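Its first residue numbered 4, the sequence shown is counted upward by one per residue in the working numbering. Quick notes on the structure that follows.
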Amino acid sequence: MRLEPRQVLAADGTVIDGREPDVSRMVARYAAMTEARLYDRKASALQRQGRLATYAPYEGQEASQVGAVAPLAEEDWLVASYRDAAAMRFHGYPWQNLLLTRMGDERGGHPPEGVNVTPPSITVGGHMIHAVGIAWAEKIKGTGAVALTMFGDGATSEGDFHEAMNFAGVYGTPTVFFCQNNGWAISMPRSRQTASATIAQKAEAYGLPGVLVDGNDVLAVEEVVAEAVDRARAGEGATLIEALTYRVRGHTTADDDRRYRAREDAAGWLGKDPLERVRLWLERQGAWDEDVQSGLESQASGLIEAALAEAEAVVSFSAGEIFDAMYEEPTGPLETQRRRAERSTRWA
């Protein structure tokens with residue numbers, strides 16, 4: 004396989020092969036990435052205010068997330084992890100649901116009807132198996148739908164990765180495996196994860212194609228995922244994509260990445276900012292200025308603030324109600340727990 008990552012838009016905003024993209028398409032991608040970054044920073048701030056639980060930031064990975072879901076059709080599935088809020092949002096999962104999940108409200112895990120996005124997986128790697136199962140079901144039904152699953156480099160060290168890839172290879176499921184290799188599995192560097200030169204080349208052991216792409220190049224990501232989706236939809240099976248990117252901040256808001264990452268390491272990636280390269284291209288086309296930026300940020304901020312207000316207005320379950328959805332007929336132990344919870348609430 005090719006060891007050089009696929010790239011279309013260079014870090015300085017120039018197009019590598021001369022294929023200038025459509026301006027309106029680039030404006031849309033830039034607007035989506037701008038909204039994604041504002042949400043990420045807002046969610047991190049909310050966690051520090053005690054309004055959200057621990058949050059996993061994705062700043063620096065916006066091109067991977069927005070570019071990966073751009074080729075998906077409405078009927079296609081997205082099976083993502085806890086760091087993929089932007090991808091989930093742009094395949095139809097509302098910001099308010101994502102906020103609710105971080106508020107500890109299980110109703111955040113119930114997407115609107117017709118939105119083929121599973122709730123964010125907290126278990127590292129486990130959701131890849133679900134994606135293969137969904138894709139297999141769609142293949143059996145003959146719908147033509149594809150399942151895209153997103154995960155980090157650390158997930159490829161899990162047995163679930165092997166099981167999912169092996170099953171997809173044997174049964175030819177229409178699955179797109181999208182690894183956002185941001186270099187770190189919490190504090191474990193990629194160099195300690197595997198001796199393989201790339202993660203993408205692991206696909207060959209399962210009889211699948213592997214593709215390496217610049218994960219900070221939204222055009223290149225969209226291009227390779229579109230090819231994988233077309234291949235899956237044509238009945239040619241799964242693809243493994245490795246997107247090389249970087250998480251600018253810590254693993255979560257409970258992590259201090261200064262303890263294991265050199266500042267120089269981050270500085271090198273800041274020069275490859277996924278939003279900056281698109282902005283530079285748009286500016287050369289006369290499609291960006293400070294007023295445009297202000298308008299995009301104002302619109303995105305309004306959407307996010309409205310989602311937050313809606314999420315915070317949801318009335319929490321009472322101590323007794325949290326038991327209602329567990330069984331049609333509650334068990335004795337659950338009834339005992341319900342009474343204890345209700346007494347604790349009254350005494351509080």
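For glycine and all other residues, C-beta sits at the position ideal for the given N, C-alpha and C. A quick note: this is a predicted structure, and the numbers were derived from the prediction, not measured.
Quick one: what does DSSP say residue i is sitting in, helix, strand or coil?
| i | result |
| --- | --- |
| Ser124 | strand |
| Ala39 | helix |
| Trp187 | strand |
| Arg264 | coil |
| Arg343 | helix |
| Val173 | helix |
| Met329 | coil |
| Gly274 | coil |
| Pro336 | helix |
| Thr159 | helix |
| Arg9 | strand |
| Leu151 | strand |
| Val251 | coil |
| Val18 | strand |
| Val179 | strand |
| Trp350 | For Trp350, the pLDDT reaches just 49, beneath the cut-off of 50, and the residue's location in the model is therefore unreliable, leaving the point undetermined. |
CB residue i to CB residue j, shorter than 8 Å?
| i | j | result |
| --- | --- | --- |
| Pro277 | Ala66 | yes |
| Glu245 | Thr201 | yes |
| Ala56 | Arg105 | yes |
| Gly218 | Thr248 | yes |
| Val72 | Val221 | no |
| Glu62 | Val232 | no |
| Asp163 | Asn185 | no |
| Thr159 | Gln99 | no |
| Met168 | Pro123 | no |
| Ile307 | Asp258 | no |
| Leu243 | Gly213 | yes |
| Gln50 | Thr256 | yes |
| Leu311 | Leu102 | yes |
| Ala359 | Arg86 | Absent from the structure is residue 359, since the part of the chain shown begins at 4 and ends at 351. |
| Ala241 | Ala171 | yes |
Along the chain, where does the alpha helix (DSSP H) containing residue i start, and where does it finish?
| i | result |
| --- | --- |
| Val228 | Val221 to Arg236 |
| Asn100 | Trp98 to Arg105 |
| Ile244 | Taken as a continuous stretch (DSSP letters only), Ile244 belongs to no alpha helix (DSSP H), being part of the beta strand (DSSP E) at Thr242 to Leu247. |
| Val214 | No alpha helix (DSSP H) holds Val214; the beta strand (DSSP E) holding it covers Gly213 to Asp217. |
| Ala66 | Glu65 to Val72 |
| Val118 | Where Val118 is concerned, there is no enclosing alpha helix (DSSP H), given that its DSSP letter is neither H nor E. |
| Val317 | From DSSP, Val317 is part of no alpha helix (DSSP H); its letter is neither H nor E. |
| Ala90 | Ala88 to Arg92 |
With distance defined between alpha-carbon atoms, name the residue in the options nearest to residue i.
| i | options | result |
| --- | --- | --- |
| Val379 | Gly53, Tyr58, Asn100 and Gln64 | Residue 379 falls outside the range modelled here, since the chain spans only 4 to 351, and no answer is possible. |
| Val173 | Glu239, Arg193 and Trp284 | Glu239 |
| Ser321 | Ala312, Arg342, Glu331 and Glu313 | Arg342 |
| Val281 | Ala188, Leu6, Met329 and Ala35 | Ala35 |
| Thr176 | Gly147, Gln196 and Arg54 | Gly147 |
| Ala39 | Pro8, His94 and Val26 | His94 |
| Tyr33 | Glu279, Ser301, Ser347 and His130 | Glu279 |
| Leu41 | Ala88, Arg9 and Ala312 | Ala88 |
| Gln10 | Glu332, Leu215, Lys142 and Met329 | Leu215 |
| Ala138 | Ala150, Ala309, Met329 and Trp284 | Ala150 |
| Leu299 | Val30, Glu207, Arg86 and Leu6 | Val30 |
| Trp284 | Val18, Glu226, Gly274 and Thr339 | Val18 |
For the beta strand (DSSP E) containing residue i, name the first residue and the last one.
| i | result |
| --- | --- |
| Leu81 | Trp80 to Val82 |
| Met131 | It is not in any beta strand (DSSP E) - Met131 instead sits in the alpha helix (DSSP H) that spans Gly129 to Lys144. |
Q. Do the segment 105-117 and the segment 133-140 meet, that is, are 3 or more Cβ pairs less than 8 Å apart?
A. no
Q. Are three or more beta carbon pairs between the segment 287-306 and the segment 71-89 nearer than 8 Å?
A. no
**Q.** Inter-stretch contact at 8 Å, needing at least 3 Cβ pairs: the segment 177-191 / the segment 99-113
**A.** no
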